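Numbering (UniProt numbering), first residue to last: 1 to 134.
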């Protein structure tokens, strides 16, 4: 965890966690190989893990959006769908069409993507400040 120190710079906070002995030993070996402290190694590994999770979530959301857009186009290009839509009163159209559900899912995914992107930007900004403090 990082906190502001007396100089206003990002510092580090001492925390305590219980970690399995085999993991601690592996951390020590890896830190020795990389010629860094175990603390620095843990910080790097945690940052990397947190960044990759966000990247994976964004990739998943982008993939879902592409699939939904393909489905939406396929529905629009289906002539029986067009005839079916013409037979439905306009007010019922929004409630009954798969198109509406698709647009809702796309909208929800776009909102989630915006939230994830904001979190990533904040994480990158925080990481940059942490690196500058080191």
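Each residue gets a CB set at the ideal place from its N, CA and C atoms; glycine is no exception.
If you're wondering where the values come from, they're calculated on a predicted model, not measured in any experiment.
### Query
Is the region 116 to 123 close to the region 47 to 64, with three or more CB pairs under 8 Å?
yes
### Task
Would you mind giving the Cβ-Cβ distance between residue 106 and residue 61, rounded to the nearest angstrom? I have them listed as a contact below 8 Å.
Not a contact, Cβ separation roughly 10 Å.
### residue 18 - DSSP class collapsed to helix/strand/coil
coil
### Task
Report the rounded CA-to-CA distance for residue 16 versus residue 132, giving the unit in angstroms.
24 Å
### Query
Hey, out of 108, 111, 31 and 103, whose CA is closest to residue 75's CA?
103
### Task
Give me the Cα-Cα distance between residue 38 and residue 11, rounded to the nearest whole angstrom.
17 Å
### Task
Please determine, among 21, 33, 50 and 30, the residue with the shortest C-alpha to C-alpha distance to residue 127.
50
### Message
Going by DSSP in three states, residue 12 sits in which element: helix, strand or coil?
### Response
coil
### Task
Rounded to whole angstroms, what's the CA-CA distance from residue 30 to residue 41? Just pull it up for me.
8 Å
### Through-space distance from residue 13 to residue 27, alpha-carbon basis
20 Å
### Reference residue 113; option with closest CA among 48, 65 and 34
65
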